[in-house]
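J.: The following block contains the structure, expressed as structure tokens.
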Amino acid sequence: MSTLAEEIKNPLTLTDAERPNANALEHEAIYILREVAAQFEKPVLLFSGGKDSITLVRLAQKAFWPAKIPFPLMHIDTGHNFPETIEFRDKLVEELGVELIVRNVQDSIDQGKVVEETGKYASRNMLQTTTLLDAIEEFKFDACIGGARRDEEKARAKERIFSVRDDFGQWDEKNQRPELFDMLNGQIEMGQNVRVFPISNWTELDVWSYIQKENIEIPSIYFAHKRNTFLRDGLIWSAEDGVVFRAEDEKVEERIVRFRTVGDMSCTAAVESYADTIDKVVSEIRDSKISERGARIDDKRSEAAMEKRKQQGYF
Amino acid sequence: MEVLKIATAGSVDDGKSTLIGRLLYDTKSLTDDKLEAIERTSKQKGYDYLDFSLATDGLVAEREQGITIDVAHIYFSTASKSYIIADTPGHVEYTRNMVTGASTSQAAIILIDARKGVIEQTNRHFFINNLLRIKDVIVAINKMDLVDFSEDAFNDIKADFEELMDKRDYQDQKITFIPVSALKGDNVVNRSQSMDWYKGQTLLEHLEELDLQDIYNVGTPRFPVQYVIRPKTEEFHDFRGFAGKVYGGELSVGDEVVVLPSMTRSKIKAIYFYDTEYQTAPRRSSVTITLEDEVNVSRGDMLVKVGDLPIVDKQLTATISWMDSNQLTVGGKYVLQHGVNKALAKVDAIDHKIHPDYSGIEENVSSLNMNDIAKVRLRLNKPIFYDRFKEHRTNGSFIIIDSRTNHTAGVGFIE
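If you read the protein sequences in the order shown, they are chains D and Z. First residue of the first sequence? That's 610 in the numbering used here, and the numbers climb one at a time after it. First residue of the second sequence? That's 87 in the numbering used here, and the numbers climb one at a time after it.
This is the structure we're talking about:
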């Protein structure tokens, strides 16, 4: 054996005695991504610019190194994204040398396929579904990789790793394929597609710990910053960029905040926080008492909000 | 941190969701907004206690019917371990979900209602956990508050359960009995004040002490190739890496290996995880391996160590758990997925079927319905490289896909 090989220690710490959480999950996610590349003709990675999809991109880099990620990224742009997220997205894509597809909710609105919501709680979050389904049809994608996690929400706790959608993008939660051991069945009919969730078993803290350990760059809005905001229903909303509807009696105040998720601006509330570094964010999450989706108004609409959206083809 | 995945099984109304909710509550894993939702809904329904089952019962249909209908995953952690609970339903028609939950778990909790004792479904849950060779089974005898926390009641149920144990194949299974009241919180996380006679551990204490090293099954290394990495760039012009996950044992640089099915021999040249080279790839690691020689390897092939060959055969006998509404029939043709490898399979014979109450076997069976478990002989269109399930959990199992529907129709454990 070469001396070089002898010099290489064995820092892969996935031994039985020491089985670090993030590591076991990382190896599982890489296995899943490789199954996608092997089993499907036209996979795509759904990229929102949020921490979960950024984590997916890193996992995909690891899964296929030294080759490039063998599928494009696709962003369904609501037009209401935090500007920081878009900047970040473009930089990342350039570094990776992968193809980025962007499809705009605004186009779906202009084509009359969807109607913009109005009023106090107007959001483009629901409208994304139509744009996404159209894009899947346009490019004939047979697998869409997403960053959803089972710990996020009750209906997602039942989601499979390979989740089959019909022609209309619908999720039939009563007729899901059983997933046994490591085996993933990606056989589908023409017109069907599979939503793939490689980080299904990660928790919010796992994602943050991974970002910390891997030193992954994320958009600045995840860190504490000064922002003009207003209060509604006990949640803090951004008063900048004019995307979130604000009534006249809702007073604008500057607060030190950060975002725990970066969805559509119109449905993503901020939290008060002084965590301005990744280390501080990780300890904040560790001590946190409000679940991540507690700051997403789209789930609060009704108790079964997420399940209903998923049946209609949401991410 | 270690991850422990636990399958739970119980019948309707024996308080499984309440037990899980109690675990989450007493380990302070419920966030404020979730706790508030539970308090609000419990109050709306007019309960005089908190309905912890609301923490886990996810789907609308479940809330309407008040039962769990599919495998749900629940996450919580303590200072020493991360836990994933696969919450599987207990009613008769959902054996398949129990098998599914158990297939990815390292431990199982079987719930018994102390008022009802060992019933047919207890037998079913135990049979499945034994069939899937779950090493650690915890029998939680629940609702002890409704039998006056009686030691005799606990011992009677324990004795009945031990009778079931004698009949099972996998005799090395470790079984622990714990008397609990999920509703009142006795012996779940905190010790009971009402059962001084019980000197054992609480449920969580037991889980905390499980030695994962002991649980993960060990065998010989198997490396099924998932994907061939050929960058075709100037820097990595000749790079041909075989991507896959290591099962059963570890592989190291310099190991002499055989490629199946071609039986070509070579040596491991390098092991990569991302852009770093490693000396050894431990079990369950997803790595990329290069070989010394230019050999033809593609998806579905397998690297094994010289002298450690699996069984290479076109015929096999397996215990099959059928999961599809379309029957399995003798003479029927299916796709068999063994790890990442696929073959066509024909059902040659059904040797016998396990009687639904597990009292014995039924012979002269020509078809299987959903939830049936049977010993089946299969013939394949090409040889696969397998181990017996009792020796190798991963390389000894397969799924059956019905190519008419593409559904995963069954799972098999190779004899």
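Where is the CB? At the ideal position from N, CA and C, for every residue including glycine. Since the structure is predicted, the reported quantities are computational estimates derived from the model, not experimental observations.
Tell me which residues share the same chain as Asp467/Z and place their Cβ nearer than 7 Å to its Cβ, disregarding the 5 neighbours each side in the sequence.
T.: By 1-based counting over the second sequence, the position of residue 467/Z is 381. According to the sequence shown, residue 467/Z is Asn rather than Asp. Answer for Asn467/Z: Ala429 and Leu430, listed in chain order.
J.: Taking a contact to mean a Cβ-Cβ separation below 8 Å, would you say Thr415/Z touches Val433/Z in this structure?
T.: On the second sequence, position 329 is the one that residue 415/Z refers to. On the second sequence, position 347 is the one that residue 433/Z refers to. Contact: yes.
J.: Just the chain Z side, please: which residues come within less than 8 Å of Gln796/D by C-beta, in chain order?
T.: As a first step, residue 796/D must be located in the first sequence, where it is residue number 187. The contacting residues are Val421, Ile487, Ser489 and Asn492.
J.: On a CA-only basis, which of Ile375/Z, Lys285/Z and Phe138/Z is nearest Ile354/Z? Give me that one, please.
T.: Taking the second sequence and counting its residues from 1, the one referred to as residue 354/Z is at position 268. Residue Ile375/Z is the option with its Cα nearest to Ile354/Z.
J.: Would you list, in sequence order, the uninterrupted beta strand (DSSP E) runs of no fewer than 3 residues that lie entirely inside the stretch 239 to 276 of chain Z?
T.: Listed in chain order, the complete beta strand (DSSP E) runs (minimum 3 residues) inside the stretch 239 to 276 of chain Z are 260 to 265.
J.: For the candidate residues Ala752/D, Leu654/D and Phe790/D, whose alpha-carbon lies nearest to that of Phe499/Z?
T.: Translated into positions along the second sequence, residue 499/Z becomes position 413. Ranking the options by Cα distance to Phe499/Z, first place goes to Phe790/D.
J.: Starting from Arg712/D, follow the beta strand (DSSP E) in both directions and report where the run begins and ends.
T.: Here residue 712/D refers to the residue found at position 103 of the first sequence. That run of the beta strand (DSSP E) goes Leu709 to Asn713.
J.: With distances taken between CB atoms, is the gap from Ser662/D to Leu655/D smaller than 8 Å?
T.: Indexing the first sequence from 1 puts residue 662/D at position 53. Indexing the first sequence from 1 puts residue 655/D at position 46. A contact, by the Cβ cut-off of 8 Å.
J.: Around the C-beta of Thr480/Z, are 16 or more other C-beta atoms found within 10 angstroms, so that it is buried, or is it exposed?
T.: The sequence position of residue 480/Z within the second sequence is 394, counting from 1. That one is buried.
J.: Less than 7 Å between the CB of Lys432/Z and some heavy atom of the ligand COA, yes or no?
T.: The ligand COA is absent from the structure shown, which contains no ligands of any kind.
J.: Find out if the Cβ-Cβ distance for the pair Ile894/D, Trp817/D is shorter than 8 Å.
T.: Here the question's residue 894/D lines up with position 285 in the first sequence. Here the question's residue 817/D lines up with position 208 in the first sequence. Taking 8 Å as the Cβ cut-off, Ile894/D and Trp817/D qualify as a contacting pair.
J.: Specify, as a first and last residue, the run of the alpha helix (DSSP H) that Ile214/Z falls within.
T.: Stepping through the second sequence from its first residue, residue 214/Z is reached at position 128. Counting along the chain, the alpha helix (DSSP H) containing Ile214/Z begins and ends at Glu206 to Leu217.
J.: Is it buried or exposed, Phe673/D, if we count other Cβ atoms within 10 angstroms and call 16 or more buried?
T.: Taking the first residue of the first sequence as 1, we reach residue 673/D at position 64. Buried, by the Cβ-count rule.
J.: My guess is that Gln401/Z and Ile485/Z are in contact by the Cβ rule of under 8 Å, so how many angstroms apart are they, rounded?
T.: Working through the second sequence from its first residue, we reach residue 401/Z at position 315. Working through the second sequence from its first residue, we reach residue 485/Z at position 399. Actually they do not touch by this definition, with Cβ atoms about 18 Å apart.
J.: Going by DSSP in three states, His689/D sits in which element: helix, strand or coil?
T.: In the first sequence, the residue the question calls residue 689/D occupies position 80. Here His689/D sits in coil by DSSP.
J.: Locate the beta strand (DSSP E) running through Gly327/Z, then write down its first and last residues.
T.: Taking the second sequence and counting its residues from 1, one reaches residue 327/Z at position 241. Start and end: Gly327 to Lys331.
J.: I want to see whether chain Z comes within less than 8 Å of His834/D, judged by CB atoms only; does it?
T.: Numbered from 1 along the first sequence, position 225 holds the residue referred to as residue 834/D. False, the Cβ-Cβ gap to chain Z never drops below 8 Å.
J.: Just checking, does the stretch 738 to 752 of chain D make contact with the stretch 690 to 706 of chain D on the three C-beta pairs under 8 Å criterion?
T.: No, they do not touch.
J.: Compute the Euclidean distance between the alpha carbons of Val880/D and Thr870/D, then round it to the nearest angstrom.
T.: Here residue 880/D is taken as the residue at index 271 of the first sequence, counted from 1. Here residue 870/D is taken as the residue at index 261 of the first sequence, counted from 1. Computed Cα separation, rounded: 10 Å.
J.: For chain B, is any of its Cβ atoms less than 8 Å away from the one on Thr877/D?
T.: Of the protein chains in this structure, namely D and Z, none is chain B.
J.: Take every Cβ of the stretch 806 to 823 of chain D, pair it with every Cβ of the stretch 845 to 858 of chain D, and state whether three or more of those distances are shorter than 8 Å.
T.: The stretch 806 to 823 of chain D, when compared against the stretch 845 to 858 of chain D, does not touch it at the 8 Å Cβ threshold.
J.: Counting only Cβ pairs nearer than 9 Å, list the residues of chain Z close to Arg759/D.
T.: In the first sequence, residue 759/D corresponds to position 150, counting from 1. Under the 9 Å cutoff, chain Z gives Ala158, His159, Ile160, Tyr161 and Ile170.
J.: Which term fits Arg712/D, buried or exposed, when burial requires 16 or more other beta carbons within 10 angstroms of its beta carbon?
T.: Residue mapping note: residue 712/D aligns to position 103 of the first sequence, counting from 1. The residue is buried, with at least 16 neighbouring Cβ atoms inside 10 Å.
J.: Going by beta carbon distance, what residues of the same chain come within less than 8 Å of Leu797/D, once the five residues before and after it are set aside?
T.: Start at 1 with the first residue of the first sequence, and residue 797/D comes out as number 188. The sequence given here has Ile at residue 797/D, not Leu. Closer than 8 Å at Cβ, skipping near neighbours: Asp751, Val773 and Val803.
J.: Can you tell me the Cα-Cα spacing of Glu501/Z and Ala460/Z, whole angstroms?
T.: Numbered from 1 along the second sequence, position 415 holds the residue referred to as residue 501/Z. Numbered from 1 along the second sequence, position 374 holds the residue referred to as residue 460/Z. For Glu501/Z and Ala460/Z, the distance between alpha carbons rounds to 12 Å.
J.: Run through DSSP, which three-state label would Gln509/Z get?
T.: This structure leaves residue 509/Z out entirely; chain Z is present only between 87 and 501.
J.: If distances are taken between C-alpha atoms only, which option among Glu859/D, Glu823/D, Gly872/D and Ser897/D comes closest to Tyr360/Z?
T.: For the purposes of this step, residue 360/Z is taken as residue 274 along the second sequence, with counting starting at 1. Nearest of Glu859/D, Glu823/D, Gly872/D and Ser897/D to Tyr360/Z, Cα basis: Glu823/D.
J.: For a contact meaning CB atoms closer than 9 Å, what does Glu644/D contact in chain Z?
T.: For the purposes of this step, residue 644/D is identified with residue 35 of the first sequence, where counting begins at 1. Per Cβ cutoff of 9 Å: Gln312, Tyr313 and Val426.
J.: Asn630/D to Glu336/Z, Cα distance in whole Å?
T.: The residue you call residue 630/D lines up with position 21 of the first sequence. The residue you call residue 336/Z lines up with position 250 of the second sequence. Annotation note: pLDDT 36 at Asn630/D (below 50); position unreliable, no value reported.
J.: Please report the distance separating the alpha-carbon of Val339/Z from that of Arg369/Z.
T.: Here residue 339/Z corresponds to residue number 253 of the second sequence, with the count starting at 1. Here residue 369/Z corresponds to residue number 283 of the second sequence, with the count starting at 1. So the alpha carbons of these two residues sit roughly 14 Å apart.
J.: Which value, in whole angstroms, describes the spacing of the CA atoms of Gly418/Z and Ile487/Z?
T.: As a position in the second sequence, residue 418/Z is number 332, starting the count at 1. As a position in the second sequence, residue 487/Z is number 401, starting the count at 1. Looking at the two C-alpha atoms, the distance is approximately 12 Å.
J.: Starting from the C-beta of Lys618/D, find all residues in its chain whose C-beta is less than 7 Å away, skip the five residues before and the five after it, and write them out in chain order.
T.: As a working note, residue 618/D is residue 9 in the first sequence. Note that Lys618/D scores 34 on pLDDT, short of 50, meaning its location in the model is unreliable; the coordinates nonetheless yield the value given after this. There are no such residues.
J.: How many angstroms separate the CA atom of Met230/Z from the CA atom of Thr494/Z?
T.: Locating residue 230/Z in the second sequence gives position 144, counting from the first residue. Locating residue 494/Z in the second sequence gives position 408, counting from the first residue. Between Met230/Z and Thr494/Z, the C-alpha separation is close to 40 Å.
J.: Considering only DSSP beta bridges, list what Tyr135/Z is partnered with.
T.: Indexing the second sequence from 1 puts residue 135/Z at position 49. Bridge partners of Tyr135/Z: none, in fact.
J.: Given Ala731/D, which residues of its chain have a CB within under 8 Å of its CB, disregarding the five upstream and five downstream residues?
T.: Looking up residue 731/D in the first sequence gives position 122. Hits under 8 Å: Glu725, Phe854 and Ser875.
J.: Excluding five sequence neighbours on each side, which residues of the same chain lie with their C-beta closer than 7 Å to the C-beta of Ser280/Z?
T.: What you label residue 280/Z is simply residue 194 of the second sequence in a count that begins at 1. So the list reads Phe235 and Asp272, once near-sequence residues are dropped.
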